[in-house]
Amino acid sequence: MQMPLIDLGCLCLLPDFRQLLARFPRHIKVNMVFTPYCLALRWQVVPFVLATRNQAPALEKLRRSLRASLAQQPLKLLR
-2 MQMPLIDLGC
8 LCLLPDFRQL
18 LARFPRHIKV
28 NMVFTPYCLA
38 LRWQVVPFVL
48 ATRNQAPALE
58 KLRRSLRASL
68 AQQPLKLLR
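Residue numbers (our numbering): -2 to 76.
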């Protein structure tokens, strides 16, 4: 998913998200070097991102975007 560089940078500085990056290094990829700036999450880590309770604006945007994406996906892809 594409994100503004400011949001992506703030997200990577949050302790909750840094713990997820450390726990799932092969499942979360962050591109802050080349445009378009983006965050790639494998489906295995989405529940962990949604379960974070940090109220930071960048993390709130990410959770809203993930929930919206999940609502649009067919059920067979959610497994």
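Glycine included, each C-beta is placed from N, C-alpha and C at the ideal position.
- Can you tell me which of the three DSSP states A37 falls into? strand
- Return the chain-ordered list of same chain residues with a C-beta closer than 7 Å to the C-beta of D4, the five sequence neighbours on each side being excluded. A55 and K58
- Nearest to S7 (by Cα), restricted to the options A68, Q52 and A65: Checking the displayed sequence, the identity of residue 7 turns out to be Cys instead of Ser. The residue with the shortest Cα to Cα distance from C7 is Q52.
- Near M29, which residues of its chain fall below 8 Å by C-beta distance, leaving aside the five closest residues on each side in sequence? L2, L5, G6 and C9
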